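There are 2 protein chains.
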Amino acid sequence: MISSIAELISDRIGAMPAGERRAAQTLIANYPLTGLKTVAEFSAAAGVSSPTILRFVARLGFQNYPEFQSALQDELAAQLQSPASRTLDPGSAGGAVSPMLEATLDNMRETFRHLTDKQLADIATRLAERRGKTFLIGGRFTDPLARYMAAHLAIIQPDVYHLAGQESIWRDRLIDMGKRDVLVIFDIRRYQESLVRFAEKAHHRGVQIILFTDQWLSPIARFARHVIAGRTAVPSAWDSSAALFVVAETLIGAVTRQLEAAGAKRIRDLESLR
Amino acid sequence: MISSIAELISDRIGAMPAGERRAAQTLIANYPLTGLKTVAEFSAAAGVSSPTILRFVARLGFQNYPEFQSALQDELAAQLQSPASRTLDPGSAGGAVSPMLEATLDNMRETFRHLTDKQLADIATRLAERRGKTFLIGGRFTDPLARYMAAHLAIIQPDVYHLAGQESIWRDRLIDMGKRDVLVIFDIRRYQESLVRFAEKAHHRGVQIILFTDQWLSPIARFARHVIAGRTAVPSAWDSSAALFVVAETLIGAVTRQLEAAGAKRIRDLESLR
DNA sequence: GGAACGCTGTATCTTATGTTACGTATTTTG
DNA sequence: CAAAATACGTAACATAAGATACAGCGTTCC
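Dropping the structure here:
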């Protein structure tokens, strides 16, 4: 079974004429980067002419060069998104637990790899400055995340509201929202139409939207000021929201720290209670 | 110091107009793949027009699109050659993100190290056999976890109830509970007195209790048939429920798999809907 | 040693990609 | 609230990319 293009090449490299073989070797040497460049660059790197490169990719079974490049990109995407599980605890390799845990850990690393301190700090600042109100809402499975975040934020600052219940209920809350307010939305795949509509309306009212979504980006990203894209793929019938959960916790921590640093009276009062 | 294009973007994303910010977010979401595609594909993915993409790369300081792509490719080449640096950029260890993430990942490894496959399988079986009803409840901060689990379990099997609202409300539900039923409780430090009382009463009625708690064990452990102890310590003002969250997801997956294996009609019906 | 075959490169063509100009919409500022 | 500035998209443009035709060369097989 041939899964990668690299395998495909080494499978057929024996049956290639000299020029194409040079192309193949050049590509393998720093795979897959050379293949992502233009035909001209590829040919220059291999020291052959452009048509030879084209004949080479044709021999691999691709209709044209762009198709070949797309295949390479897809492969690269798969590689980048599921980093080789090298953290695997050798002792617990057998059971049904490990794959799930491994995937979840990978998801978190990947999620945070795409997330800079600055991004998080910006969002935290926006949440901490509280010029207006903060609203949180989530989809069918992610609403608990919204609740979790709301439960914490509501303690350290006033005017934090979780939007619950039926659509009509939170739609009516739109009337309270303005450009000084922040709306935190959780929406992962099988994006909810009702949430998208809600986000759009809020956006039109000038509300700043912070979106927690998956890597395929909810349509709400269109309206969002900040987008956090978490990885959700795990070996299960369900998607995993764990990565988003951790981001949420991180943000809660960051907001708390900022408010502490700002010397908010509420925080001092809170500490005396703890 | 700015070394990668991703950093460059998150550094300037704040000073970008909406359209370009969407482009930036789309690129970051699955970095750097979108940037390697054509302008047309990039713009389609971001939901903006081609010129916006070009303005975006111009704002990053590139003369033209090909130059931008070359930079991405160079970066990718460097990354691919030293796979070690892909896990987590050691350079960014100074920020506020890493310690939090590191601690969370450690928590999960620790939590699962003390959790055997058999334990999880037993609990999953208990949840899947559904001789009776399943109730879920949580504390102030952990109630969202109960909701999250309930949202999933309620789909794959009937008679799943999340106990919400005021204490008096769920106390009255005790009357519905018997020895065939299961009660899943989430309770971490600053254990809630009301939850303990509730657990005790349920226990006396013969209800089997599955407890999610922290490593110091809620007093409810006294009455619990199964106890899952997750690590909660992170460098933050708050405890982290992330490890428990992942255990919950793992359990959800395990229960789903067991029901599938048992050929439950509900699951087949569900699959036809997906 | 000659002829046939196949591989390779040059030059040309076509396509679609990146680029730019301009009008409209939106936001910001006084 | 008005006016200026900025941002955005449509459409036309130029260019560079991939594809193709053809001729030269080397190789191989009678």
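Chains A and B, in that order, give the protein sequences.
First residue of the first sequence? That's 627 in the working numbering, and the numbers climb one at a time after it.
First residue of the second sequence? That's 627 in the working numbering, and the numbers climb one at a time after it.
The beta carbon of each residue, even a glycine, is placed where N, CA and C say it ideally should be.
As the structure is a prediction and not an experimental result, all values here were calculated from the model.
Note the first and the last residue of the continuous beta strand (DSSP E) segment covering residue 856 (chain B). Membership of residue 856 (chain B) in the beta strand (DSSP E) is indicated by the continuous run 852-856.
is_contact[residue 740 (chain B), chain A] using C-beta, thresh 8 Å: no
Could you give the DSSP three-state label for residue 712 (chain B): helix, strand or coil? At residue 712 (chain B), the pLDDT of 37 sits below 50, so the modelled position is not reliable; the number obtained from the coordinates is stated separately. It is helical.
Compare the beta carbon distance of residue 760 (chain A) and residue 785 (chain A) with 8 Å and say whether it is the shorter of the two. Contact flag set, yes.
Please confirm if residue 703 (chain B) has its CB atom under 8 Å from at least one CB of chain A. Closer than 8 Å to some Cβ of chain A, the Cβ of residue 703 (chain B) qualifies, so yes.
Would you identify the three-state DSSP class for residue 791 (chain B), choosing helix, strand or coil? coil
Give the residues of chain B in contact with residue 868 (chain A), contact being defined as C-beta atoms less than 8 Å apart. 868, 871, 872, 875
Beta-carbon gap between residue 635 (chain A) and residue 686 (chain A) smaller than 8 Å: yes
Using CA atoms only, rank isn't needed, just tell me which of B:830, B:737, B:895, B:657 is closest to residue 736 (chain A). B:657
If we cut at 8 Å on Cβ distances, does residue 817 (chain B) have a partner in chain A? no
Local conformation of residue 581 (chain B) per DSSP, three classes: A query on residue 581 (chain B) cannot be resolved here, the shown segment of chain B reaching from 627 to 900 and no further.
Residue 719 (chain A) to residue 772 (chain B) span [Cα, whole Å]: Any reading at residue 719 (chain A) must be qualified, since the residue scores a pLDDT of 40, below 50, and its modelled position is unreliable; the value itself is stated next. Rounded to the nearest angstrom, the two C-alpha atoms are 29 Å apart.
Between residue 636 (chain B) and chain A, is there a C-beta pair that is closer than 8 Å? Yes - at least one Cβ of chain A is within 8 Å of the one on residue 636 (chain B).
Rounding to the nearest angstrom, what Cα-Cα distance links residue 698 (chain A) and residue 691 (chain B) in this structure? Taken atom to atom, the span from the alpha-carbon of residue 698 (chain A) to that of residue 691 (chain B) is near 20 Å.
Inter-residue Cα distance where the pair is residue 754 (chain A) and residue 632 (chain A): 50 Å
Using DSSP with H/G/I as helix, E/B as strand and the rest coil, what is residue 837 (chain A)? strand
Residue 824 (chain B), enclosing alpha helix (DSSP H) - first and last residue: First-last of the alpha helix (DSSP H) with residue 824 (chain B): 819-830.
In the DSSP assignment, find the alpha helix (DSSP H) that holds residue 760 (chain A) and state where it starts and stops. Counting along the chain, residue 760 (chain A) falls outside any alpha helix (DSSP H), though it belongs to the beta strand (DSSP E) covering 760-764.
With DSSP run on the structure shown, which of helix, strand or coil describes residue 807 (chain B)? Coil at residue 807 (chain B), not helix or strand.
Which chain A residues sit within Cβ distance under 8 Å of residue 767 (chain B)? By Cβ distance, chain A contributes 774, 777, 778.
Less than 8 Å between the beta carbons of residue 856 (chain B) and residue 843 (chain B), yes or no? no
Contact set for residue 770 (chain B): own chain, Cβ-Cβ below 8 Å, skip 5 residues either direction: 764
The alpha helix (DSSP H) that contains residue 642 (chain A), what's its start and end? Residue 642 (chain A): not part of any alpha helix (DSSP H); DSSP gives it neither H nor E.
Using DSSP bridges, identify the partner residues of residue 668 (chain B). Residue 668 (chain B) pairs with nothing; no bridge assigned.
Anything in the segment 827-858 of chain A with a Cβ closer than 7 Å to a Cβ of chain B? List those residues in chain order, please. 841, 843, 847, 848, 853, 855
The alpha helix (DSSP H) with residue 676 (chain B) in it runs from where to where? 676-685
Coarse secondary structure for residue 738 (chain B), derived from DSSP in three states: helix
Neighbourhood of residue 775 (chain B) by C-beta distance below 7 Å, restricted to the same chain and skipping five residues each side: 762, 810, 874, 878
Residue-level contact to chain B via CB, residue 805 (chain A), 8 Å cutoff: Chain B, which has no Cβ nearer than 8 Å to the Cβ of residue 805 (chain A), makes this no.
Which same chain residues end up closer than 7 Å to residue 666 (chain A) when comparing Cβ atoms and leaving out the 5 residues on each side of it in sequence? 676
For residue 744 (chain B), report the span of its alpha helix (DSSP H) as first-last. Counting along the chain, the alpha helix (DSSP H) containing residue 744 (chain B) begins and ends at 743-755.
Since residue 816 (chain A) and residue 840 (chain A) are thought to touch, with beta carbons under 8 Å apart, how far apart are those beta carbons, to the nearest angstrom? Wrong, their Cβ atoms sit about 10 Å apart, outside the cutoff.
Give the DSSP-derived three-state secondary structure of residue 865 (chain A) in the structure shown. coil
Are the CB atoms of residue 750 (chain B) and residue 880 (chain B) within a distance shorter than 8 Å? Yes.
Just checking my contact of residue 859 (chain B) with residue 729 (chain B) at CB under 8 Å: how many whole Å lie between their CB atoms? 7 Å
Can you tell me which of the three DSSP states residue 881 (chain B) falls into? helix
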